[in-house]
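Residue numbers (this note's numbering): -15 to 205.
Even for Gly, the Cβ is constructed at its ideal location relative to N, Cα and C.
Predicted model, so just to flag it, every value in this text is computed and none were measured.
Note sheet for the following structure.
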Ligand code: AMP
């Protein structure tokens, strides 16, 4: 099964994709995490990506597409993947479709997590992330048990440099201009499953699993 999680920054894609991937036994590919991971090693890819990430802009398609195509060629992706934060442009979506088609595969479903713009700004403002395992927290909605420490692995929590108010505004602008058209792209392909992203993390996860389950039952019938 190949599933794309689509939604604005702050919609909860990362949190939901990570748990749903475990639940469905799929590999979780998060391009933002891959770029942040590369920063730790100071690779050429990292340097190129940082320039764009710091401004809240998209890393150019050629760099991003090459990174993802290399990743999905790995044997662990054979049984299926949840894509989180990719594709983010029409060119990326087309490149992904083409690459999967060459392997006799395709995107089965696209989970579009819908959250109002006001809620997105509010969520991104209070977001803190674990430096080690990337688990996200919100200082008001889902604070860690010990301030500054990750509940899962004890890692240090930090605020992403691109979660500052100015960069958040730019990321949302880029989302509406570049990524939101993918809603229509996947809707026309009959693959879009819309899920309300407001409410607790558990409620949203449940909604996603029920929606995916109904879809796969529908496909079997
Ligand atoms: P995220 O963690 O998904 O919010 O991504 C953080 C940043 O990484 C984005 O603001 C972009 O600069 C970059 N990025 C992540 N995924 C992509 C992508 N699919 N295409 C281009 N840039 C990306």
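- As for any alpha helix (DSSP H) of minimum length 4 sitting wholly inside the segment 48 to 113, the runs are 74 to 86, 101 to 109, ordered along the chain.
- Non-local C-beta neighbours of residue 143 in its own chain, meaning closer than 8 Å and more than five positions away in sequence, comprise 111, 112, 113, ordered along the chain.
- Buried is the label assigned to residue 134, since at least 16 other Cβ atoms lie within 10 Å of its Cβ.
- Under DSSP, residue 11 forms a beta bridge with 65.
- Bridge partners of residue 167 according to DSSP: none are assigned.
- Straight-line spacing of the CA atoms in residue 158 and residue 42 works out to 8 Å.
- In the DSSP assignment, residue 120 is bridged to 113.
- Pairing residue -14 with residue 67 gives a Cβ-Cβ distance under 9 Å.
- DSSP places residue 133 within a strand segment (E or B) once states are collapsed to three.
- Distance from the Cα of residue 126 is smallest, within the candidate group -4, 168, -9, -8, for -4.
- For residue 90, the number of other beta carbons within 10 angstroms of its own is below 16, and it is reported as exposed.
- Spanning the alpha carbons of residue 48 and residue 37 requires a straight line of approximately 12 Å.
- The DSSP-derived three-state label of residue 38 is coil.
- Burial state of residue 35 is exposed, judged by a 10 Å Cβ sphere holding fewer than 16 other Cβ atoms.
- The shortest CA-to-CA distance from residue 200 to any of 93, 137, 124 is the one to 93.
- Under the three-state reduction of DSSP output, residue 179 falls in the strand class.
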